[in-house]
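Residue numbers (the working numbering): 2 to 214.
For reference, the structure discussed in these notes is given below.
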Ligand code: ADP
Ligand code: MG
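If you want it as structure tokens, here you go:
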């Protein structure tokens, strides 16, 4: 077969599934994990320790699908807890990880591991969430999934926070705190609550006045 480096036959990859809350990111991660398990490939699933909504360790979807996972405090812990035999690493709620997650997933992929990441692309104000922009850029495959807008039933790409008293980017919650919304119904409420959400993105240009933005 020639003098090809062996890693060419065990090529690693980075897959990212992103979208708003309730869009089926965790369901899709679990679907990919289950298929890999059927193929008898060794899979390890990680999630940030911060997300304890349903279970201390397991990854659980809103529709109650569940797989066993390891909760880790930092992205480096993923490398520390990795088994030699692992072929696939799945990471849920990847947006909560620190910036080292980029180097960690690159390292894993270079080792020949298939890395499957699922995470929120935007926070409750529609801003890019944590390491997601870079992760999406370095990914080999990206799937952006949508939920259903709770107001009109259209595809929803935004996570609307119903509680306006807490402005921290991270507020772990469920349907008590968040709703999936389409752009129209996300913008509409954000405009109405402009002071609370400080939603509008400033356009930096000297022409701003002339353009009437
Ligand atoms: P995510 O990880 O993206 O938050 P999950 O995979 O945990 O989403 O859950 C997706 C499931 O959530 C759907 O299959 C559906 O059963 C349920 N669900 C609840 N509210 C909505 C909604 N507004 N739009 C779509 N699915 C919803
Ligand atoms: Mg999820």
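For glycine and all other residues, C-beta sits at the position ideal for the given N, C-alpha and C.
Because the structure is a prediction, the values reported are computed rather than measured.
By the C-beta density criterion, residue 21 is buried, having at least 16 other C-beta atoms within 10 angstroms. In this structure, the C-beta of residue 23 approaches ligand 1 to less than 7 angstroms from one of its heavy atoms. With a 10 Å radius around the Cβ and a threshold of 16 neighbouring Cβ atoms, residue 106 comes out buried. Judged by DSSP secondary structure, residue 45 falls within the beta strand (DSSP E) whose first and last residues are 44-49. Rounded to whole angstroms, the separation of the alpha carbons of residue 101 and residue 77 is 7 angstroms. Here residue 69 carries a coil assignment [DSSP, helix/strand/coil]. Three or more Cβ pairs closer than 8 angstroms define a contact, and the region 141-155 falls short of that threshold against the region 91-101. When DSSP states are grouped into helix, strand and coil, residue 29 belongs to the helix group. The beta-bridge partner set that DSSP reports for residue 156 consists of 149.
Sequence-distant partners of residue 111 (beyond 5 residues in either direction) whose C-beta falls short of 7 angstroms from its own C-beta, in its chain, are 13.
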